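The block underneath contains the structure these notes are about, expressed in structure tokens.
2 protein chains.
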Amino acid sequence: MTAVPTVALSERLTAPASLAKARSLIAPALAEAVRRLDPELAAAVRHHLEGGGKFVRGGLVLLSAGAAGAEEARGLVGAVAIELVHNFSLVHDDIIDGDIERRHRSTVWAQFGVGNAIITGDAFVTLAIQLLLEEPTVERVQAAARLTEATQAMIAGQAQDMASERRRFLSVEECLRMETGKTGALLSCAASLGAVLAGARPATVEALAVYGRHLGVAFQAIDDVLGIWGDAATTGKPVGNDLRLHKKTLPIALACSSPTGRDRISTLFSRELSDGDVEAAARMLEEWGAREATMTLAERHLHIALDALSGAEISARAAAELAAVAHYVTARDR
Amino acid sequence: MTAVPTVALSERLTAPASLAKARSLIAPALAEAVRRLDPELAAAVRHHLEGGGKFVRGGLVLLSAGAAGAEEARGLVGAVAIELVHNFSLVHDDIIDGDIERRHRSTVWAQFGVGNAIITGDAFVTLAIQLLLEEPTVERVQAAARLTEATQAMIAGQAQDMASERRRFLSVEECLRMETGKTGALLSCAASLGAVLAGARPATVEALAVYGRHLGVAFQAIDDVLGIWGDAATTGKPVGNDLRLHKKTLPIALACSSPTGRDRISTLFSRELSDGDVEAAARMLEEWGAREATMTLAERHLHIALDALSGAEISARAAAELAAVAHYVTARDR
Chain W
0 MTAVPTVALS ERLTAPASLA KARSLIAPAL AEAVRRLDPE LAAAVRHHLE GGGKFVRGGL
60 VLLSAGAAGA EEARGLVGAV AIELVHNFSL VHDDIIDGDI ERRHRSTVWA QFGVGNAIIT
120 GDAFVTLAIQ LLLEEPTVER VQAAARLTEA TQAMIAGQAQ DMASERRRFL SVEECLRMET
180 GKTGALLSCA ASLGAVLAGA RPATVEALAV YGRHLGVAFQ AIDDVLGIWG DAATTGKPVG
240 NDLRLHKKTL PIALACSSPT GRDRISTLFS RELSDGDVEA AARMLEEWGA REATMTLAER
300 HLHIALDALS GAEISARAAA ELAAVAHYVT ARDR
Chain S
0 MTAVPTVALS ERLTAPASLA KARSLIAPAL AEAVRRLDPE LAAAVRHHLE GGGKFVRGGL
60 VLLSAGAAGA EEARGLVGAV AIELVHNFSL VHDDIIDGDI ERRHRSTVWA QFGVGNAIIT
120 GDAFVTLAIQ LLLEEPTVER VQAAARLTEA TQAMIAGQAQ DMASERRRFL SVEECLRMET
180 GKTGALLSCA ASLGAVLAGA RPATVEALAV YGRHLGVAFQ AIDDVLGIWG DAATTGKPVG
240 NDLRLHKKTL PIALACSSPT GRDRISTLFS RELSDGDVEA AARMLEEWGA REATMTLAER
300 HLHIALDALS GAEISARAAA ELAAVAHYVT ARDR
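Respectively, the protein sequence lines represent chains W and S.
Each residue of the first sequence is one higher than the one before, counting from 0 in numbering that gives the first Met the number 0.
Each residue of the second sequence is one higher than the one before, counting from 0 in numbering that gives the first Met the number 0.
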């Protein structure tokens, strides 16, 4: 048992050294892995991967291997696999959402067409499992099974998200379920996959999975806040986009938790919103307490995540590193 | 060693009893498996699966288990998995090709939108691996690895197909490589997967894989012939569609194998083709021998497939059943 300081959400943080180190290991391994894909896919794959990314999920896999007492490199194949699954979801989600920019570059479908983006994503998710199964040790097979379950949960979250567009309201519970699928499942898998590959005890794997799942919810809640009140320069997305698209995010679900709130949101979302409307709506939502309530919820899930670390049989150093990643990914300036 | 009668391509055949029997086992198991998918995907999944299908790939998995001396039911999980991968490819390919009809019904993207079709395909391919890995015996893990390799080869074939649209010519070798990926890889996997699940010897698995791969090429060659000279009522596709889309299929690659041929095709594909042009082009291609050459090639690959059966250590009954499936799927009236 290790005590982990549970602090409030940070205002601004630089990336922990562990993530920078993880990236220097994972990026070349990922580049090497995708060289196996068909040469006709190379241009789209390169374009997408050159956009960079923070390697948070891959980094968590390495830290998780370390937390289980193994060399971090033991988790490398899992780190590459999880980054492939993450990139599969980004490439497909960009088509689904019609997003033309990511990481300040054109998205794969916008640059190479929908067809190429579909098969690029397909190739990523398939390669992830190929990598894990080509040396089918007990640990790798278990890792492949966990990763596949997480992928399916992520797809379910995406399906729920799309279905929510046709609905007037989501309850906070429905919204949390959807966001746990979309973000929590893969982060939970990431945080436990290294431990699985290192042959850790089930209790350790489970504690790390709990940490990752709640970190995912906290992360997504902050993302929802930034989607309404964020700064375009930092987020790389148009300000107020989620409001313009009438997205049923957590702040909206929380604002809808009273009959008065439902009426307000119903009126707000009854028509197209101009840029001025979006600004006014963001101000009103803040006055109604939606921003505050979402931040409180994020903080609660961050604390559950950190508590799971305190309860895990891992070294103080591993717990501190995982806590640092948790604070970094939930910092408000992402 | 079992002698298998090697006959020429059949004019018309009814489905072998083995496939009808396989379908009666696989269809309910597949319906049961997809019930695990998120309820928000249920409508699209049901719409797609209700279109039916011949269950050739799943049927081959069961026959392959039988050929290895096991109960056919031993292959059932593999049969469901391979049908899921096949349906994943159909749903995604229909988006890529912009096809609005399949099996005389609207395609998933045409009915539910591109986004829903993308995640429906994603859910299918992910579920396939989940099913195999949830009881991770040595055989099932090996089956999952083979299926993943085949899926990647199929994606590569699709990538090559899409890239060929931007090219003026494909050599016969390039075309065969693309079609071996698109069709041969999954049929090869299907024909050997049951044997893998039954724990057959590597030589038996490999012989069945060779049978499946060449059957795939023969099947695709016939498909290409039907794409130019087929009857819309039987194929369910508009007559001459491949010519209208300037598709680089085998008949075109074969017609291009001489400099004169290349000039002819270059002229033919230098502009949009009207319905009248398409008919005239089909007649010309036949005069130039492209249809005959493609049928000869199909027959050659069918014979290689049947020879692989003769060389495999499988029962005469299994060999006869697999040969019947080969004749059925390459019959000209499909």
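Cβ coordinates follow ideal geometry from the N, Cα and C atoms, glycine included.
Quick caveat: nothing in here was measured; it's all calculated off a predicted structure.
Hey, would you say residue i sits closer than 8 Å to residue j, going by beta carbons?
i                      : j                      : result
residue 203 of chain S : residue 250 of chain S : no
residue 336 of chain S : residue 128 of chain W : Residue 336 of chain S lies beyond the residue range present for chain S, which begins at 0 and ends at 333; the question has no answer from this structure.
residue 153 of chain W : residue 122 of chain W : no
residue 199 of chain S : residue 67 of chain S  : yes
residue 308 of chain S : residue 277 of chain S : no
residue 182 of chain W : residue 215 of chain W : yes
residue 224 of chain S : residue 55 of chain S  : no
residue 323 of chain S : residue 17 of chain S  : yes
residue 171 of chain S : residue 256 of chain S : yes
residue 114 of chain W : residue 99 of chain S  : no
residue 116 of chain W : residue 131 of chain W : no
residue 325 of chain W : residue 297 of chain W : no
residue 217 of chain S : residue 301 of chain S : yes
residue 74 of chain S  : residue 317 of chain S : no
Buried or exposed for residue i, please, with buried defined as at least 16 other CB atoms from any protein chain shown within 10 angstroms of its CB.
i                      : result
residue 119 of chain W : buried
residue 193 of chain S : buried
residue 295 of chain S : exposed
residue 212 of chain S : buried
residue 57 of chain S  : buried
residue 41 of chain W  : exposed
residue 6 of chain W   : At residue 6 of chain W, the pLDDT of 48 sits below 50, so the modelled position is not reliable and the matter cannot be decided from this model.
residue 274 of chain S : exposed
residue 39 of chain W  : buried
residue 47 of chain W  : buried
residue 167 of chain W : exposed
residue 155 of chain W : buried
residue 160 of chain S : buried
residue 21 of chain W  : buried
Between residue i and chain S, is the shortest Cβ-Cβ distance under 8 Å, so that the two count as touching?
i                      : result
residue 95 of chain W  : yes
residue 114 of chain W : yes
residue 79 of chain W  : no
residue 294 of chain W : no
residue 133 of chain W : yes
residue 147 of chain W : yes
residue 136 of chain W : no
residue 91 of chain W  : yes
residue 14 of chain W  : no
residue 326 of chain W : no
residue 162 of chain W : yes
Hey, does residue i have any beta-carbon neighbour from chain W nearer than 8 Å?
i                      : result
residue 169 of chain S : no
residue 126 of chain S : yes
residue 106 of chain S : no
residue 283 of chain S : no
residue 256 of chain S : no
residue 122 of chain S : yes
residue 213 of chain S : no
residue 201 of chain S : no
residue 172 of chain S : no
residue 39 of chain S  : yes
residue 140 of chain S : yes
residue 129 of chain S : yes
residue 143 of chain S : yes
residue 150 of chain S : yes
residue 159 of chain S : yes
residue 117 of chain S : yes
residue 194 of chain S : no
residue 99 of chain S  : no
Name, in chain order, the residues that DSSP records as bridge partners for residue i.
i                      : result
residue 100 of chain S : S:105
Measure from the alpha carbon of residue i to the alpha carbon of each residue in the options, then state which is nearest.
i                      : options                       : result
residue 311 of chain S : S:77, S:208 and S:124         : S:208
residue 149 of chain S : S:246, S:190, S:132 and S:169 : S:190
residue 238 of chain S : S:244, S:226 and S:44         : S:226
residue 259 of chain S : S:51, S:270 and S:288         : S:288
residue 283 of chain S : S:168, S:263, S:273 and S:155 : S:263
residue 91 of chain S  : S:59, S:102 and S:124         : S:124
residue 248 of chain S : S:136, S:330, S:179 and S:269 : S:179
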